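Beneath this line is the structure, given in structure tokens, with notes to follow.
Numbering (the working numbering), first residue to last: 114 to 430.
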């Protein structure tokens, strides 16, 4: 009886493992970390040393170290130049169109696929909409010309047969450039983007929906009180990451769809860097343009992460 009434002793905590012993026990994990770490150090961080030429008049035969310093000369030339306003407007318009149409598309598709109860149909649709992501922008641009070109475009000829009048060259006219870019991005990226949101929806307990139906909740209330809260963390993270690429419209897609007729609306910072830096040899000026775009991206990521935390979300960090 006395033994039963005696207070139980708290279990003795094991002493913390020594750091050296801990590292040795997980040595294979650290070994697998080395290739990824080496990749980022060699191909991501070491090339950042080249950003110094944005503040120099870089001459290839003098190299990075011996090229003369000029301070903010190239940034002043960028902001005061005649091309800055046009480049900023074109880039921002494409970015806003992407945010308005391309960003919500995977969310809508994921919600629709989540409502499909027949597994064969759901998997088949997922596979079909994933395929365009693995096609290069060169193939996407070629398909666009085959569909919308005035000479042999299937869709262009079909529309011309219905509407009549003078044939329209959709891939060359500047008023059709932005809609085509948005359609290309929707077709290529929507299916791949649904993976993240479907993964978020897969973690929702189905008993929550059953309990909501028992309580009389319809589809809208189930979406608002169960589905949306489950997707909110993924939505916040993707919104923050997307904000960092606001000025990053992508070089390859824009460059392949640019012609002499639509260049006034097609020129963006990515293609401008190529034109000035590679074709004209203005390495320092092109680096200054790229650095300006990168700094804006970093500011947008930190700002959107701060805003997300102010609104009660977790954010990235």
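Using N, Cα and C, we set each Cβ at its ideal position, and we do this for glycine too.
All figures in this text were calculated on a predicted structure; none of them were measured in a lab.
Would the beta-carbon of residue 306 be found less than 7 Å away from any heavy atom of the ligand ATP? Among the components modelled here there is no ligand, and therefore nothing to report on the ligand ATP.
Straight-line Cα distance separating residue 187 from residue 289: The residue you call residue 289 lines up with position 176 of the chain shown. The residue you call residue 187 lines up with position 74 of the chain shown. Each residue's alpha carbon lies about 33 Å from the other.
Anticipated Cβ contact below 8 Å, residue 410 with residue 358, distance rounded: In the chain shown, residue 410 corresponds to position 297, counting from 1. In the chain shown, residue 358 corresponds to position 245, counting from 1. Confirmed, about 7 Å.
Please report the distance separating the alpha-carbon of residue 327 from that of residue 269. Numbered from 1 along the chain shown, position 214 holds the residue referred to as residue 327. Numbered from 1 along the chain shown, position 156 holds the residue referred to as residue 269. Answer to the nearest angstrom: the Cα atoms are 52 Å apart.
Inter-residue Cα distance where the pair is residue 372 and residue 285: Numbered from its first residue, the chain shown carries residue 372 at position 259. Numbered from its first residue, the chain shown carries residue 285 at position 172. Cα to Cα, the separation comes out at about 6 Å.
Residues bridged to residue 445 [DSSP beta-bridge criterion]: Outside the shown range of the chain (114 to 430) lies residue 445, about which nothing can therefore be said.
Is the region 161 to 177 close to the region 382 to 389, with three or more CB pairs under 8 Å? no
Assigned secondary structure, residue 116 (DSSP; H/G/I helix, E/B strand, else coil): The count along the chain shown starts at 1 and reaches residue 116 at position 3. The pLDDT assigned to residue 116 is 48, lower than 50, so where the model puts this residue is not dependable, and the model offers no usable value.
Suppose the cutoff is 6 Å on Cβ atoms and the five residues either side in sequence are ignored; what does the same chain contact list for residue 242 look like? Position 129 of the chain shown, counted from the first residue, corresponds to residue 242. Same-chain partners within the cutoff: 304.
For the alpha helix (DSSP H) that contains residue 391, what are its first and last residues? Numbered from 1 along the chain shown, position 278 holds the residue referred to as residue 391. Careful: residue 391 lies outside any alpha helix (DSSP H) and carries neither H nor E.
In whole angstroms, give me the CA-to-CA distance for residue 176 and residue 396. Against the chain shown, residue 176 aligns to sequence position 63. Against the chain shown, residue 396 aligns to sequence position 283. Approximately 12 Å between the Cα atoms of the pair.
For residue 210, which of 283, 254, 293, 240 has the nearest alpha-carbon? Within the chain shown, residue 210 is the residue found at index 97, counting from 1. Comparing Cα-Cα distances from residue 210 to each of 283, 254, 293, 240, the minimum goes to 293.
Reference residue 226; option with closest CA among 310, 364, 322: Here residue 226 corresponds to residue number 113 of the chain shown, with the count starting at 1. Nearest of 310, 364, 322 to residue 226, Cα basis: 310.
Alpha-carbon to alpha-carbon, residue 378 and residue 181: For the purposes of this step, residue 181 is taken as the residue at position 68 of the chain shown. For the purposes of this step, residue 378 is taken as the residue at position 265 of the chain shown. In a straight line, the C-alpha of residue 181 is about 36 Å away from that of residue 378.
When you compare the CB positions of residue 205 and residue 197, do they come within less than 8 Å of one another, or not? The count along the chain shown starts at 1 and reaches residue 205 at position 92. The count along the chain shown starts at 1 and reaches residue 197 at position 84. It is not a contact, given that the beta carbons lie outside the stated cut-off.
Around the C-beta of residue 370, are 16 or more other C-beta atoms found within 10 angstroms, so that it is buried, or is it exposed? By 1-based counting over the chain shown, the position of residue 370 is 257. Flag for residue 370 reads buried.
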